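Novice: Take a look at the following structure, please.
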Ligand code: PMP
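In this note's numbering, the protein residues as written are 34 to 480.
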């Protein structure tokens, strides 16, 4: 049988193994080869595979009703998940629109922002501001606000109005800034953009509080998020935190932005929410926004056939209960510094390692051709793809991305293990990851 056509372009000519079974942190292919899950796929499988409690909750839901359609019914699963998420988010973030994944969640955030601006008489606010080296999704709205040229170039010219600012990155600060001033410089750039465009034209600023695939686990520089909050509030610009990848506990707090002590107006969460057991994402937004929209329009305008899908919500409830009961957020938080230092030790003496960064179970190594200048390796070398293949060979799933087409990033290798990985499993992931990187660099004559 031919391979399916859903492989990413970077793997278009690769023959992939067929996965047939998984348990906890391990997966097996049709030849019986074992892989350890060092990245949860793309940071999805937050509690490992084939969890019996989650499977039982899904089966129980299916035996009652798979999907209670939102025009006709509410459901226990929907209500219970909403209470759980209200509790995890705290503050004014009490309203949810459930969808089937990250792009739909971001799309919903953008629509909620526009509906709110219209509802409060600010219909001129149609422009979104975002950052280069960001990824917000594969649908038109979410892709349009994404700064990820490799993925968007084929569609340019057809996107919603948006303006891209420089990345907020301590390792690669804006020209003229240092690691210490990177956050302030990035925030100042936002304020200048709002003033240049005219605040009355700007609907929202969307950003990843810990940048994922487009940058490689780049945490917001200290103080940056608080400044952005201030600026957004000052100019009536909504703050949208895209936590599709970094949220639901991945970085050690349920909301990634809670680490910075900041509450956004709207946020998106997906991957880890139902941990891959069902496709589930959510746009979460404030009571203030909800009340304004209800007063003006009577209802939130965005929603899909599978909004609030009952079985997906039941999976989300089961996953979130396990994370809470087993204290996994504390474990993830404590493991962040350990993972970074283990990876640093395992890669000690490798000249090509420019930076090791991240938070919680969301850690990345960035490879550069020159540590002093931070110049990336040429894109044609496709180091990231070679590392992915070598890791698979070594029985490790990790998440390498080539960020260097625009010359801004080096190749990155993301590690995002399940929250409940044992120490022995974390060590295996780090050892195999470091070995795969070293082997590729040696084979390429770069070691
Ligand atoms: N936002 C972010 C921050 C993401 O990392 C992703 C997926 N990598 C998306 C949105 C899109 O999510 P999905 O692939 O589930 O549509």
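Beta carbons are placed, not taken as given, at the ideal position from N, Cα and C, and that holds for glycine.
Note that this is a predicted model, so its numbers are computed, not measured.
I'd like to check one pair, residue 234 with residue 157: are the Cβ atoms closer than 8 Å?
Specialist: Against the chain shown, residue 157 aligns to sequence position 124. Against the chain shown, residue 234 aligns to sequence position 201. Taking 8 Å as the Cβ cut-off, residue 157 and residue 234 qualify as a contacting pair.
Novice: Measuring only the C-alpha atoms, how far is residue 205 from residue 408?
Specialist: Sequence index remark: in the chain shown, residue 205 carries index 172 (1-based). Sequence index remark: in the chain shown, residue 408 carries index 375 (1-based). Computed Cα separation, rounded: 11 Å.
Novice: How long is the line joining the alpha carbons of residue 217 and residue 242, rounded to whole angstroms?
Specialist: The residue given as residue 217 occupies position 184 in the chain shown. The residue given as residue 242 occupies position 209 in the chain shown. Going by the C-alpha atoms only, they are around 15 Å apart.
Novice: What is the residue span of the beta strand (DSSP E) that residue 319 lies within?
Specialist: Residue numbering aside, residue 319 sits at position 286 when the chain shown is read from its first letter. Segment 314-319, the beta strand (DSSP E) holding residue 319.
Novice: Between the stretch 463-474 and the stretch 382-399, are three or more C-beta pairs nearer than 8 Å?
Specialist: The stretch 463-474 is in contact with the stretch 382-399.
Novice: How long is the line joining the alpha carbons of residue 128 and residue 297, rounded to whole angstroms?
Specialist: Within the chain shown, numbered from 1, the residue matching residue 128 stands at position 95. Within the chain shown, numbered from 1, the residue matching residue 297 stands at position 264. Roughly 13 Å separates the two Cα atoms.
Novice: If you run the structure through DSSP and keep just helix, strand and coil, what is residue 368?
Specialist: Numbered from its first residue, the chain shown carries residue 368 at position 335. Residue 368: helix per DSSP, three-state reduction.
Novice: The beta strand (DSSP E) spanning residue 300 covers which residue range?
Specialist: Residue numbering aside, residue 300 sits at position 267 when the chain shown is read from its first letter. Start and end: 299-302.
Novice: Which residues bound the beta strand (DSSP E) around residue 161?
Specialist: Numbered from its first residue, the chain shown carries residue 161 at position 128. Per DSSP, residue 161 belongs to the beta strand (DSSP E) from 160-164.
Novice: Is the Cβ-Cβ distance between residue 287 and residue 392 less than 8 Å?
Specialist: Locating residue 287 in the chain shown gives position 254, where the first residue counts as 1. Locating residue 392 in the chain shown gives position 359, where the first residue counts as 1. It is not a contact, given that the beta carbons lie outside the stated cut-off.
Novice: Strictly by DSSP, which residues pair up with residue 347?
Specialist: Within the chain shown, residue 347 is the residue found at index 314, counting from 1. Looking at the DSSP assignment, residue 347 forms no beta bridge with any residue, so it has no partner.
Novice: Please go through the stretch 200-243 and give each complete beta strand (DSSP E) segment of 3 or more residues, from N-terminal end onward.
Specialist: Fully enclosed beta strand (DSSP E) runs of 3 or longer: 235-240.
Novice: Consider the C-beta atom of residue 141 and the heavy atoms of ligand 1; say whether any pair is separated by less than 7 Å.
Specialist: Numbered from its first residue, the chain shown carries residue 141 at position 108. Checking the Cβ of residue 141 against ligand 1 gives no.
Novice: With DSSP as the reference, please indicate the residues paired to residue 55 in a beta bridge.
Specialist: Within the chain shown, the letter at position 22 stands for residue 55. Looking at the DSSP assignment, residue 55 forms a beta bridge with 60.
Novice: Suppose contacts are defined by Cβ-Cβ distances below 8 Å. Is residue 479 in contact with residue 385 by that definition?
Specialist: Within the chain shown, residue 479 is the residue found at index 446, counting from 1. Within the chain shown, residue 385 is the residue found at index 352, counting from 1. Yes. Within cutoff.
Novice: How do the stretch 413-420 and the stretch 354-370 stand: do at least 3 beta-carbon pairs fall below 8 Å, yes or no?
Specialist: In short, these stretches do not touch, since the Cβ pair count stays below three.
Novice: So, with DSSP's three-state summary, where would you put residue 193?
Specialist: Indexing the chain shown from 1 puts residue 193 at position 160. Looking at residue 193 - three-state DSSP - the assignment turns out to be coil, as it is neither helix nor strand.
Novice: Nearest to residue 173 by alpha carbon, out of 167, 189, 63, 165?
Specialist: The count along the chain shown starts at 1 and reaches residue 173 at position 140. Ranking the options by Cα distance to residue 173, first place goes to 189.
Novice: Name, in chain order, the residues that DSSP records as bridge partners for residue 432.
Specialist: Your numbering for residue 432 matches position 399 in the chain shown. According to DSSP, residue 432 bridges with 447.
Novice: By the three-class DSSP mapping on this structure, what secondary structure does residue 397 have?
Specialist: Numbered from its first residue, the chain shown carries residue 397 at position 364. Reduced to three states, the DSSP call for residue 397 is strand.
Novice: Considering only the beta carbon of each residue, do residue 347 and residue 80 sit closer than 8 Å?
Specialist: If you number the chain shown from 1, residue 347 lands on position 314. If you number the chain shown from 1, residue 80 lands on position 47. Against a cut-off of 8 Å, the Cβ pair of residue 80 and residue 347 comes out as no contact.
Novice: Locate the beta strand (DSSP E) running through residue 141, then write down its first and last residues.
Specialist: The residue given as residue 141 occupies position 108 in the chain shown. No beta strand (DSSP E) holds residue 141; the alpha helix (DSSP H) holding it covers 135-152.
Novice: When you compare the stretch 69-89 with the stretch 271-291, are there three or more beta-carbon pairs, one atom per stretch, that lie closer than 8 Å?
Specialist: Taking 8 Å as the limit for Cβ pairs, the verdict is that the stretch 271-291 does touch the stretch 69-89.
Novice: When you measure from the CB of residue 297 to every non-hydrogen atom of ligand 1, does any distance come out below 7 Å?
Specialist: Along the chain shown, read from residue 1 onward, the residue named residue 297 stands at position 264. Outside the cutoff, so no.
Novice: In or out: residue 452 buried (at least 16 other Cβ within 10 Å) or exposed?
Specialist: Position 419 of the chain shown, counted from the start, is the residue given in the question as residue 452. By the 10 Å Cβ count, residue 452 comes out buried.
Novice: Within the continuous alpha helix (DSSP H) that includes residue 69, where are the two ends?
Specialist: On the chain shown, residue 69 is found 36 positions in, with the first residue counted as 1. Premise fails: residue 69 lies in the beta strand (DSSP E), 67-70, not in any alpha helix (DSSP H).
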